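These notes are about the structure you will find just below.
There are 2 protein chains.
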Amino acid sequence: MLGKDYEQQDCSLARALEVIGERWTLLIVRDAFHGVRRFNDFQAHLDIPKAVLSDRLSGLVENGVLQRTPDPGHAGRHLYELTPAGRDLWPALHALLIWGGRHVAPNSRVFKHATCGSLLDEAGHCARCGVTPGPQDIVSEVRRSRTRGRAAPREDAVAVALREPHRLLEPLGG
Amino acid sequence: MLGKDYEQQDCSLARALEVIGERWTLLIVRDAFHGVRRFNDFQAHLDIPKAVLSDRLSGLVENGVLQRTPDPGHAGRHLYELTPAGRDLWPALHALLIWGGRHVAPNSRVFKHATCGSLLDEAGHCARCGVTPGPQDIVSEVRRSRTRGRAAPREDAVAVALREPHRLLEPLGG
DNA sequence: GTGTCGGGTTCAATGAACGAACCATGCGAG
DNA sequence: CTCGCATGGTTCGTTCATTGAACCCGACAC
Chain A
1 MLGKDYEQQD CSLARALEVI GERWTLLIVR DAFHGVRRFN DFQAHLDIPK
51 AVLSDRLSGL VENGVLQRTP DPGHAGRHLY ELTPAGRDLW PALHALLIWG
101 GRHVAPNSRV FKHATCGSLL DEAGHCARCG VTPGPQDIVS EVRRSRTRGR
151 AAPREDAVAV ALREPHRLLE PLGG
Chain B
1001 MLGKDYEQQD CSLARALEVI GERWTLLIVR DAFHGVRRFN DFQAHLDIPK
1051 AVLSDRLSGL VENGVLQRTP DPGHAGRHLY ELTPAGRDLW PALHALLIWG
1101 GRHVAPNSRV FKHATCGSLL DEAGHCARCG VTPGPQDIVS EVRRSRTRGR
1151 AAPREDAVAV ALREPHRLLE PLGG
């Protein structure tokens, strides 16, 4: 992302942004948390040009956020999954999501603690259990609510699958 | 940032990224947390083209992250300061900083609780006081450490001022 | 063989970002 | 008053990134 002259900035935020600060990148990571693993699913859900998606996925793999593995069912195809470093992005992603929901437009999904079912607060904390669960213990579901308004909902496979509650990191659809 | 067709994505992360996801934007916000308020200080510290900086500052003001006020000392000049919504970005910014420090390159600064002086952990929590202080109660200082290596340090006014410990949000240099 | 689907790459056109040059205002010195 | 300089921008031509359509290839399916 940032020009090479930024390497003089001794700042790990700049480093982080070089990895996940490009257009689309964080949305790809978000989908990965929701269990999207295949090229076409990312593409259909994000409406992103294939060339850009290909470029971003390669970048994320290079930087250790995703790992590319052969798809066992289909030779020549790949699965993209979060590495531990990628899963470590959850707090940052969650904080941005909350901020967007609070200051830009209300969030359409809510997060619940998988083991007790109660809603997490804005810090991602489960009041009942007194813990801050990691993504593997969080269920994301659509906030059933007032006039979800806003144009026709998307109809791609990923969007449809995500209308059901879904535990983060668990592979989506087969 | 994202094309208009993304408005169909009912996702507050996308909304957030439209506001703070462009190139440079988060670095500007970071500097704002460190007390930078003047156009030239941003420009000197970030090595960003003036046209882009002007554009980003206007965008942040429009989106309610910064507010532009006349500089009391100098007519015709402005000060850019974080609004409450902007200050609310702290958890997200901090999480990204920590992630970058852990997975990309070690962080060159540390954060301490202003009221007790002890180091904050990676969640931004003060173990001694049992609180997670907001930015106004955090002091940022250079990690005094092994071979800070990496090229010559920057010499612009902001970089020099930030070599001293500095409480977040407090205006820098006069 | 032909067809089709997933997973890409290539390419021309568009749109951002860059950096240098320019402009306007407000000083302070002479 | 005039000159020079600093701040805070805007304008503009060049360069780089993004876009979307078209094309390619390898696996099956028939």
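Residue numbers (the numbering used here), protein chains in the order written: chain A, 1 to 174; chain B, 1001 to 1174.
Beta carbons: idealized from backbone N, C-alpha and C, even for Gly.
Please read all numbers here as calculations on a predicted model, not as lab measurements.
Nearest-angstrom beta carbon gap, residue j and residue i [assumed within contact, 8 Å]
i: Ser1118(B); j: Arg1102(B); result: Going by Cβ atoms, the distance from Ser1118(B) to Arg1102(B) rounds to 20 Å, so no, they are not a contact pair.
i: Leu1046(B); j: Leu1027(B); result: 6 Å
Nearest candidate by alpha-carbon position, reference residue i, set the options
i: Ala114(A); options: Ala123(A), Pro135(A), Ala161(A), Ala16(A); result: Pro135(A)
i: Val1029(B); options: Arg1143(B), Leu1089(B), Glu1170(B), Asn1107(B); result: Leu1089(B)
i: Leu1057(B); options: Pro1072(B), Val1036(B), Gly1073(B), Ala1075(B); result: Val1036(B)
i: Ala159(A); options: Cys11(A), His34(A), Arg23(A), Glu22(A); result: His34(A)
i: Thr83(A); options: Arg144(A), Val19(A), Val65(A), Arg143(A); result: Val65(A)
i: Ile20(A); options: Arg1015(B), Leu1096(B), Asn1040(B); result: Leu1096(B)
i: Ser1012(B); options: Leu168(A), Val104(A), Asn40(A); result: Val104(A)
i: Leu17(A); options: Ala1092(B), Phe1039(B), His1045(B), Val1142(B); result: Ala1092(B)
i: Pro133(A); options: Arg15(A), Arg167(A), Arg143(A); result: Arg167(A)
i: Ala85(A); options: Arg23(A), Ala32(A), Ala14(A); result: Ala32(A)
i: Arg1015(B); options: Pro106(A), Glu122(A), Phe39(A), Asn40(A); result: Pro106(A)
Proximal residues of chain A, C-beta to C-beta of residue i below 7 Å
i: Gly1101(B); result: Ser12
i: Pro1091(B); result: Ala95
i: Ala1085(B); result: His103
i: Arg1030(B); result: Leu13
Nearest-angstrom Cα separation, counted from residue j out to residue i
i: Leu162(A); j: Pro1153(B); result: 48 Å
i: Val1131(B); j: His1125(B); result: 6 Å
i: Trp99(A); j: Asp1156(B); result: 32 Å
i: Arg1068(B); j: Thr1025(B); result: 16 Å
i: Pro70(A); j: Phe42(A); result: 17 Å
i: Val1110(B); j: Cys116(A); result: 36 Å
i: His94(A); j: Glu62(A); result: 23 Å
i: Arg140(A); j: Arg1077(B); result: Reading off the sequence, residue 140(A) comes out as Ser, not Arg. Approximately 47 Å between the Cα atoms of the pair.
i: Arg1087(B); j: Tyr1080(B); result: 13 Å
i: Lys112(A); j: Gly1073(B); result: 51 Å
i: Asp1005(B); j: Arg1144(B); result: With a pLDDT of 49 at Asp1005(B), under the threshold of 50, the modelled position of that residue is not reliable, and the figure given next carries that caveat. Each residue's alpha carbon lies about 47 Å from the other.
i: Asp1055(B); j: Ile48(A); result: 25 Å
i: Arg53(A); j: Leu169(A); result: According to the sequence displayed, residue 53(A) carries Leu and not Arg. When rounded, the distance between both Cα atoms is 20 Å.
i: Val1142(B); j: Leu1120(B); result: 14 Å
i: Ala75(A); j: Phe39(A); result: 14 Å
i: Ala123(A); j: Ile138(A); result: 13 Å
i: Glu1164(B); j: Leu1172(B); result: 11 Å
i: Ser1108(B); j: Glu22(A); result: 23 Å
i: Lys1050(B); j: Ala44(A); result: 37 Å
Interface residues of chain A facing residue i [CB-CB closer than 8 Å]
i: Leu1026(B); result: Leu13, Leu17, Gly21
Within chain B, the residues that residue i reaches when beta carbons sit closer than 7 Å
i: Asn107(A); result: Ser1012
Contact list for residue i against chain B, beta-carbon separation under 8 Å
i: Asp88(A); result: Trp1099, Arg1102, His1103
i: Gly64(A); result: His1103
**Start-end ranges of the alpha helix (DSSP H) lying completely within the stretch 1074–1118 of chain B, minimum 4 residues** = 1084–1087, 1090–1103
**Item:** Secondary structure, alpha helix (DSSP H): runs of 4+ residues fully inside the stretch 1013–1059 of chain B
**Value:** 1025–1033, 1039–1046
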